[in-house]
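Here's the structure we're looking at; comments come further down.
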Amino acid sequence: MKKSNPNPVVQTAKTGIEISIIKEFCKGCGICVEFCPKDVLALGSDLKTNCINIEACNGDALCELRCPDFAIFVKNPKKKAIKK
Amino acid sequence: MKKSNPNPVVQTAKTGIEISIIKEFCKGCGICVEFCPKDVLALGSDLKTNCINIEACNGDALCELRCPDFAIFVKNPKKKAIKK
Amino acid sequence: MNQRSELLSGNEATALAAIKGGVRFFGGYPITPSTEIAEIMALELPKLGGVFIQMEDEIASICAIIGASAAGMKSMTATSGPGFSLMQEGIGYAIMTEVPTVIVNVQRGGPATGLPTKVAQGDVMAARWGTHGDHPAVVLSPWSVLESFTLTVKAIEISERLRMPIILLSDEIVGHMREVVSLPDSVSVYERKKPTKSPDEYLHYADDTNYDSPIASFGEGYRIHISGLTHRKDGFPTNDPKTIAWKMDRLRNKIDQNRDWLHYSEQFDLDAETIIISYGSSARTSLEAKYEYEKKSGKKIGFLRLITLWPFHYKKLTELLKNAKRVVVVEMNQGQMIREISRAVPRGIDVTGVNRVDGELITPEEVLAAL
Amino acid sequence: MNQRSELLSGNEATALAAIKGGVRFFGGYPITPSTEIAEIMALELPKLGGVFIQMEDEIASICAIIGASAAGMKSMTATSGPGFSLMQEGIGYAIMTEVPTVIVNVQRGGPATGLPTKVAQGDVMAARWGTHGDHPAVVLSPWSVLESFTLTVKAIEISERLRMPIILLSDEIVGHMREVVSLPDSVSVYERKKPTKSPDEYLHYADDTNYDSPIASFGEGYRIHISGLTHRKDGFPTNDPKTIAWKMDRLRNKIDQNRDWLHYSEQFDLDAETIIISYGSSARTSLEAKYEYEKKSGKKIGFLRLITLWPFHYKKLTELLKNAKRVVVVEMNQGQMIREISRAVPRGIDVTGVNRVDGELITPEEVLAAL
Amino acid sequence: MNIEIAEYLRLDDRFPHILCPGCGIGSAMNAMVRAISESSMNKNEICVVSGIGCSSRVPGYIDCDTFHTLHGRAIPSATGIKLARPEMEVIVIAGDGDLLAIGGNHFIHAARRNLDLTVILINNFNYGMTGGQFSPTTPQGKRGTTAPYGSVERDFNVCEMAKVAGAVFVARSTTYHTPHLKGLIKQAMKKKGFAVIEVVSQCPTLYGRLNRMGDAIKMLEYYRDNSITVTQVKEPKDAEGKIVIGVLWETEAPEYSEVYKKVIDIAQKK
Amino acid sequence: MNIEIAEYLRLDDRFPHILCPGCGIGSAMNAMVRAISESSMNKNEICVVSGIGCSSRVPGYIDCDTFHTLHGRAIPSATGIKLARPEMEVIVIAGDGDLLAIGGNHFIHAARRNLDLTVILINNFNYGMTGGQFSPTTPQGKRGTTAPYGSVERDFNVCEMAKVAGAVFVARSTTYHTPHLKGLIKQAMKKKGFAVIEVVSQCPTLYGRLNRMGDAIKMLEYYRDNSITVTQVKEPKDAEGKIVIGVLWETEAPEYSEVYKKVIDIAQKK
Amino acid sequence: MRKEIRLAGTGGQGLLKAGEILAEAAGVYENKKVIQTQSYGPEARGGASKTDIIISDEEILYPKARQVDVICCLSQKSVDAFLKDLKDTGIVIVDSFYVKRCNAKNVFPLPLSTETRQKFGRELFMNIVLLGALAEITKIVTVDSLRNALANRVPPATIETNLKALDLGVFIAQIKD
Amino acid sequence: MRKEIRLAGTGGQGLLKAGEILAEAAGVYENKKVIQTQSYGPEARGGASKTDIIISDEEILYPKARQVDVICCLSQKSVDAFLKDLKDTGIVIVDSFYVKRCNAKNVFPLPLSTETRQKFGRELFMNIVLLGALAEITKIVTVDSLRNALANRVPPATIETNLKALDLGVFIAQIKD
Ligand SMILES: Cc1ncc(C[n+]2csc(CCOP(=O)(O)OP(=O)(O)O)c2C)c(N)n1
Ligand SMILES: Cc1ncc(C[n+]2csc(CCOP(=O)(O)OP(=O)(O)O)c2C)c(N)n1
Ligand code: SF4
Ligand code: SF4
Ligand code: SF4
Ligand code: SF4
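Sequence order for the protein chains is A, B, C, D, E, F, G and H. All the letters of the first sequence, read from the start, carry residue numbers 6 to 89 under the working numbering. All the letters of the second sequence, read from the start, carry residue numbers 6 to 89 under the working numbering. All the letters of the third sequence, read from the start, carry residue numbers 392 to 762 under the working numbering. All the letters of the fourth sequence, read from the start, carry residue numbers 392 to 762 under the working numbering. All the letters of the fifth sequence, read from the start, carry residue numbers 739 to 1008 under the working numbering. All the letters of the sixth sequence, read from the start, carry residue numbers 739 to 1008 under the working numbering. All the letters of the seventh sequence, read from the start, carry residue numbers 13 to 189 under the working numbering. All the letters of the eighth sequence, read from the start, carry residue numbers 13 to 189 under the working numbering.
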């Protein structure tokens, strides 16, 4: 029953931090934008979240954890190891 | 729909205390007998409670209050006034 | 602007009818597609000093409205399939204890959670037979916004006159559809007769008549006993076979002796060879199909719309259908009323069902295809 | 002493059959006259490592047995009228989600609390139509202690093969009556087929066949989704009319395609002019009446006992009754199966009901009076 | 009959009642009737409501409006009555199975709403009417016919639950302490709001027999010897293994029908 | 997709999910999925069970065995699963209406039995799915479509009730505090016995709008600014008007299926 | 051979259990066809209680007694209610303590309860005492079969006392003779 | 005269409310026969939502649109799903932001959402903006009737803004012309 394969828009910072946004899933609630401590994100004219300042991202992935729609994911190479 | 008129067996003590027993209702559980502090009552050969020592009755009416079957009633002329 | 004409949905009309019909107690639990009824009651009842209470579930709801009615207040609840199933025990209790009340079931697709926002007419049999044990049932089915109003008023009246719960079996289309209607300012309200006998002589289930009888309510000094155990005329439980038989007959007679005036239907052109029978929202499609067919073919088609679904009046139907050569039963279920209708027509007559159970309103084309 | 013969009640036989038939989960709530079934399960299941749980009510009971069955354990509950009404929503859920399970309803007098300790057969229609929405139903009715055993085993098997809840409709007489029976040491147990497809290919509601299909259970790695919303083959909800229609047809086909093998009845002397039809405990009276009548009059009487009440096999019945001049339907309700039977016999044939609804077993004299 | 409480009883044809010899429900009913009598209430303004069970048979014997509803449904049924006729005193009397098993949800929701009901919960630790199955108050380890190996479930602390759910008056007594119980019922009836009295009772026929607790007298002796009044409890351990009787919790909170009147006021002003 | 939690989601054709923009249920689901992922559990041994409601749609998105039962019946359905397959981790996720209104009784009874379930109660203070009616957790005075004049009913204190009924682990978090929430869910899953997590969530579409609380962001800001961790509460008044988050109650008690095993032992010995 | 036996009294007197034992004695230990039904008051207890046992060489269909051969009554109420089904040739065994009036041809008033109380301190085993007397008077089953059946149907710890009760019943009936 | 109008989009866009206002305008203020039905996703929200309004001089029986004169779509999904019922001569009004593809003869792509956001900061009044445009383009009802109907059907405090939204819709449609 595999039907769709969500296709994220990916940006990578010099720090190695990577932000993927699945536009198809994002409903533009703005939660990730509002509560990002580094103002990395903004709602675009497409009413979806956009990564406007990837270099500022501190990789805490709060946006990822709060997003109600599984539309944004942060990969932080430094954190990786600790997680599991 | 009045059908039966329970007919109590009544005994009156010199003190004026009156014990009425409705044999028809009594199921012989013995609660009144057991917990009477003055041993006024006893189960008879009819397997119902009987007043065997009315003069000892102190009129506290515990039997009346505990009887699960509304089968025994105590009238204590002294208490009457206080009650209501 | 029309005099007092307004755009209302069927659910809104039902709620307003309840209020005009004297309902002052509504206990309910939200469920699509009936919720608007509760919402309007919540808004309107307090304005009249009435009581709206949202109970913790449908079981509590039906019990609360039974309690309120036993205490003398006209009462109602509204629900849909899953809630209706949950109410079955309570409905049986109201039947057994002969407490008037109205239960609105705005049908959606079933079974189970099914199709919460889609239409169906799948609860016709559950409305008749849902609760356990032999029991009477009166079920009315509106097809329009206006009739959502008038039948609600009717249901209240019948419930009081027969002392039993009446089911208003609406459906998602009728409940949510909006039409312009002019509602009467007031309706004639049947008031429960008070007993004239003294409490000593009063019997809560005296059966001089089987309807319009005086009923004492809680709080009126009659000190009645109401019990869901099979009971005597005075309401107290019995195990005596004769008395049990009396009670069961009494319940059955509510239908047997009142079948005639409980029967509502609308019909025309019954002298045609083919007759379409339908009810509720699918009757709208059916009538449309009749007209379209007649326009195209020039041939008449009979139309019979059942308003009272239960009790089913077999004799009356037999009479109404006596000229029919063919009967087409249109309903949005797998064939429920067709079971009864088949029994009312002579054996040779072809009885065809046009059914749809996919959540969509049956279309005139589908009916036409069967004509 | 007979080889392994023992004195058992119908309820005891049902409980023992459940255990022999593989039921390892019983969730229930006590209610007269079914409680002995729960009591025996409480005693016996732990001995086999099975689970007995007394839930907080009947709604919880039916949900628990559905959950257990979805997790792969054969499950059962037992109740009577009021509890049966409460279970209606859950029964519909099991039908919709196609979870096998067995519900025993030991009938007592209704409606409502009614006659807790007295017999009736008033839940025949509620067993067919109690839950809302169109749905299939299989209802079996035992008449003896031995049959309480065999039909329980059968019910378990059918529930697994058709993937649906099956209702064993017993009654107070059959449930409480004691007879001497010799039960088999073991019975053949139908084991749910495991899927052979990989989880990626597996569809929980694939309909290559409508019965005996492989079913995945929770915990087997198939990561299935079970929902009471109308769903697709993969179990996920849908609003698509075509898919909805598919699902509804699928449910209906459980009956339509299996009516033949689901039909059980017992009959003799059907070439007689008058045929008595009955079921459950009133069939015992009926057969007794047949013999007494024949002894007295020398004339044969036909006898037909329905074991499967639902689905009702109209064609089969028409065939069985083809020589009948007169049919007498004996049941302890106000006339429930007679509704179906009337439809199966040709119009001219006289169909008479012998009914009793006062809590007492119908007597041979009453049946004789109608012959 | 020349008995003070006779006017509150349906003495003419309902007695003797159907309860077993020595059943505590009778004593609880006795205390209740006396409480009513002593409150000098007009019996035409009282409605006694029950569910199904032995305890729920009580209303049938009381000479006021009485409502024998479905199993577990006494409270929602009483809710309808109380809101339809707020002037009536509505008393619910039912068993632990009725009020806490099948009826548990209604119990906590009515408490939450703080509807003015007096609920007399007869706790005999089992389902009497259906023959002695264990109930939500059966102590762990005790037997019921559906717990032949002893119940593995923990029991509810009814009084704590009533309190947390929102009851404004919570008390406990036993069928041994009938004068005490009578007093509590009087207090509960006076209280505006949801008032609960747990009556620790005996079912000698089933629970008592299944758990070898002796006859009714033995069970009452146990209650006598193992109860402690709430005022006697100085520290938690005083209460260990004891039945704590008395008023366990009392507070003030706006009663539901009164609060509802405010809704009417707002609605009518708009 | 190259996302850690992807394997726990039915990403292929179930997303985007049906919840409204900014709905807190999504965040709660997010935390739950991460908790599962981080517990390194085999997804074939997890069953997520729900009732009916917006919150109850969650299981449909999780790639393990999932059970979308009837309204209010998640817990009894889960009971059947857990007892049939004690080795499975059974998680219940549902709304305040589902678990506390129609399902309230199952909630307290499962807690009493101490069945090993993890119950995630998404409290959005109203019935979302049916359009914003008030619920048993709606604070007094707040509006719902069936409380157009403000609700007159008091709300349940879910956590206290869970505790009194018998839960062995009771915690609270909000959809603002998702990392915190994730941690609590992990703890709850590990805990043997009945574990409850109340998730204070936002329904911006209905409750938020009806009560003029602003959009999802405003509601989350409120949760951020008005929450206090349980360890920060030094005296009762610290908690006044605050949402207390953290583990509110934890204790040890024998879990139901373990106790039931003892019954089996006894029975088999006999 | 076909015999219909009815045991009637009040709930709690153990008549159902007695009926079971009788049915098992006849059905399992004497290879007869047997059927036992019961009828009792609201829900599980209180009020009148009765059980019918039919013992026959042939299949039994209608399970209730209609032409009763033996009625045993342990309460006055049950005498009043159930005697009407007695055969002309039927016999009635009543407890002489609880039953004061009994209008039938062949009545055996036996001091069952009195003797039971005397011997066992309470009436708990009166149902078994009755069985002993019934067997002795009617010979419908042998006392041996009753003994066997009893052993299956009472708690192991009480078998001995129950057997004594059975003997007491036989004894009471013999004296009566 | 008989007109079938369909408003379609996503739950939450207020299309039902718009349909009500349209139906009331035609039915109450222009004395037409009118019927409105609706169809929406699971339970009360999410997914596709549509409402059909039929306006006619004659009694309307079958209440759903079958030969639609005007379809207004505020989402791509609704275009894909509902266009099939459009009459040959029918017109389609779509929001140019949300709808990218629309395969029909008479399509009016209007910047409804963009303009609404611009004017009111959010899309809350887009449904009313749509009504204005619809009236202007189709003349099915007068804007005055809409004004009257609107006043009954939106919260008093929002009437003014709603009226402005109506005007905005008319304006957008005029520009389009
Ligand atoms: C819906 C329903 N389920 C079950 C029953 C059977 N039933 C009758 S009373 C009862 C329990 C009685 O226990 P409790 O409430 O504790 O009262 P008690 O008899 O002990 O006083 C049950 C389960 C019923 N009548 N209705
Ligand atoms: C028996 C039954 N009654 C009512 C409903 C209608 N219904 C569906 S969801 C719901 C309440 C949802 O509220 P909640 O559980 O708080 O979840 P939310 O939607 O807020 O997440 C109701 C009343 C139903 N589906 N079934
Ligand atoms: S939180 Fe998620 S849904 Fe909301 S704007 Fe950000 S990415 Fe989109
Ligand atoms: S307490 Fe009542 S029933 Fe018991 S013996 Fe005394 S009078 Fe009789
Ligand atoms: S069974 Fe128990 S609770 Fe019921 S009447 Fe007898 S002693 Fe009382
Ligand atoms: S209605 Fe409320 S709870 Fe439901 S999805 Fe929308 S925001 Fe969430």
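Beta carbons are placed, not taken as given, at the ideal position from N, Cα and C, and that holds for glycine. None of the values given here were measured: they were computed from a predicted structure.
Are residue i and residue j close, meaning C-beta to C-beta below 8 angstroms?
{"i": "residue 735(C)", "j": "residue 708(C)", "result": "yes"}
{"i": "residue 830(F)", "j": "residue 788(F)", "result": "yes"}
{"i": "residue 488(C)", "j": "residue 646(C)", "result": "no"}
In its own chain, which residues sit with a C-beta less than 7 angstroms from the C-beta of residue i, not counting the 5 before and 5 after it?
{"i": "residue 116(G)", "result": "95, 98, 104"}
{"i": "residue 761(C)", "result": "719, 743, 745"}
{"i": "residue 894(F)", "result": "838, 874, 875"}
Verify the contact flag: residue i, CB atom, against every heavy atom of ligand 6, threshold strictly below 7 angstroms.
{"i": "residue 28(H)", "result": "no"}
{"i": "residue 897(E)", "result": "no"}
{"i": "residue 649(C)", "result": "no"}
{"i": "residue 1021(F)", "result": "No statement about residue 1021(F) is possible, as the shown extent of chain F runs from 739 to 1008 and does not include it."}
Here's a check: name, in chain order, each residue in its chain whose Cβ is nearer than 8 angstroms to the Cβ of residue i, leaving out the five neighbours to either side.
{"i": "residue 182(G)", "result": "144, 145, 147, 148, 155"}
{"i": "residue 884(F)", "result": "871, 872"}
{"i": "residue 777(E)", "result": "924, 927, 928"}
Would you say the beta carbon of residue i is closer than 7 angstroms to some non-hydrogen atom of ligand 8?
{"i": "residue 809(F)", "result": "This structure simply doesn't include ligand 8; it includes ligand 1, ligand 2, ligand 3, ligand 4, ligand 5 and ligand 6 instead."}
Rounding to the nearest angstrom, what Cα-Cα distance links residue i and residue j in this structure?
{"i": "residue 558(C)", "j": "residue 494(C)", "result": "5 angstroms"}
{"i": "residue 177(H)", "j": "residue 135(H)", "result": "11 angstroms"}
{"i": "residue 141(H)", "j": "residue 968(F)", "result": "49 angstroms"}
{"i": "residue 60(A)", "j": "residue 41(A)", "result": "13 angstroms"}
{"i": "residue 977(F)", "j": "residue 966(F)", "result": "7 angstroms"}
{"i": "residue 659(C)", "j": "residue 517(D)", "result": "35 angstroms"}
Below 6 angstroms CB to CB, which residues in the same chain sit around residue i once its five sequence neighbours on both sides are set aside?
{"i": "residue 650(C)", "result": "702, 704"}
{"i": "residue 766(C)", "result": "Residue coverage of chain C in this structure runs from 392 to 762, which leaves residue 766(C) outside it and unanswerable."}
{"i": "residue 758(F)", "result": "943"}
Is any heavy atom in ligand 5 found nearer than 7 angstroms to the beta carbon of residue i?
{"i": "residue 942(E)", "result": "yes"}
{"i": "residue 68(B)", "result": "no"}
When every heavy atom of ligand 1 is checked, does at least one fall within less than 7 angstroms of the C-beta of residue i?
{"i": "residue 832(E)", "result": "yes"}
{"i": "residue 477(D)", "result": "yes"}
Can you tell me whether residue i sits near ligand 2, meaning its C-beta is under 7 angstroms from at least one heavy atom of the ligand?
{"i": "residue 1068(E)", "result": "Residue 1068(E) lies beyond the residue range present for chain E, which begins at 739 and ends at 1008; the question has no answer from this structure."}
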